[in-house]
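Report on the following structure.
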Amino acid sequence: MLPMKIRIAQNAGFCYGVRRAIKIADEALEKNKSIYSLGPIIHNPQVVSEYEKKGLKVVESIDEAKNAILIRSHGIPPQIYKLINKKKLECIDATCPFVKEAQDYAKQLYEEGYFVVIIGDKNHPEVQAHIAYANYQAQVINSKEEAKNIQAQKIGVVSQTTQSVDNFVSIVSELVKKAKEIRIFNTICDATEKRQESAKELAQISDIMIVIGGKNSANTRKLFEICLNFCKKVYYIETKEELKKEWFYNVKNVGITAGASTPSWLIDDVIQAIESIDNDIH
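The sequence shown maps to residues 0 to 281 in my numbering.
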């Protein structure tokens, strides 16, 4: 039998916002060996563990922090900045610029009198911050069905930056029917769109898709859901240890993609493990 062909999707792995947050954390840790991160720096347990060893301690509230606090790429509500200033902590702000842009639009829409609709996961930290910038007067929806329940004549829309483009378009098309006036800011990150599109293309020519990323990563979950629409066998893993040999029986084409918080070394580990399985099978 011929060996399996392993393909990696373009735009897999770290996005600009995550790379920037990691760089900011690295530079800060060179100057200060004890820094606190408000929530995990990225949604990847392996990376979080590595940075804890370097001195980046994860806390869930400002009260637990001392000296310096790192704001991760997801951003924080404006009142948290006030608490940081009140505690006289050094603020190391790694909020992704694209997330910051969405925050600004949410604030602008609220101030201009729009009923603010945020398309995304209401429990995601990025979305929680967007809600705060809209003065907690926003409604979060994540499906066309939820959009049907919106009752407003003047609607302003922003999106979680890692939202599925197809879902965003589907929801917006429903909202357009509801309002006399609607203003839409497509705040989905360009890298997210490219990552999703390349995963979709690869899934269509693969016998199996392996999606790598933290189980609590929203954008990786979206990749997994997209791949399920185009490939019969799709597996969502965090590390190579989760791979099973039987997944690859009678498989010719293997596709691999990874979320925005997945480092290249984790992707390489998975590729090497699949190559080893391939050698065993063939």
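All residues carry an ideal CB built from backbone N, CA and C; glycine is no exception.
With fewer than three CB-CB distances shorter than 8 Å, the stretch 86-105 does not count as touching the stretch 46-55. Our two residues, T160 and I255, have alpha carbons roughly 22 Å apart in a direct line. In this structure, G119 lies away from S163, with their beta-carbon atoms at least 8 Å apart.
About 7 Å separates the CB atoms of Y35 and L69; that is less than 8 Å, so the two are in contact.
With fewer than 16 other Cβ atoms from the protein chains shown falling within 10 Å of its own Cβ, V168 counts as exposed. Partner residues in a beta bridge of R194, as assigned by DSSP, do not exist. Where N278 is concerned, the enclosing alpha helix (DSSP H) starts and stops at S263 to I280.
If one requires a minimum length of 3 residues, the beta strand (DSSP E) runs lying completely within the stretch 96-124 are 114-118, in chain order.
DSSP links K153 through a beta bridge to E180.
About 17 Å separates the beta carbon of R220 from that of N10, a gap too long to meet the 8 Å contact definition. Judged by their CB atoms, Y80 and Q102 are not nearer to each other than the 8 Å cut-off. The three-state reading of DSSP puts A257 in strand, counting E and B together.
Separation of E110 and K143 (C-alpha to C-alpha, rounded to the nearest whole angstrom) is 26 Å. Beta-bridge pairing by DSSP links S158 to I118. A Cβ-Cβ contact shorter than 8 Å links L242 with I236.
Proximity of the stretch 177-188 to the stretch 200-211 falls short of the contact definition, fewer than three beta-carbon pairs being nearer than 8 Å. Here DSSP, grouped into helix, strand and coil, assigns K56 to strand. DSSP places I91 in the uninterrupted beta strand (DSSP E) bounded by E89 to D92. Ranked by how close their Cα comes to the Cα of A24, the residues A93, A105 and N185 have A93 in first place.
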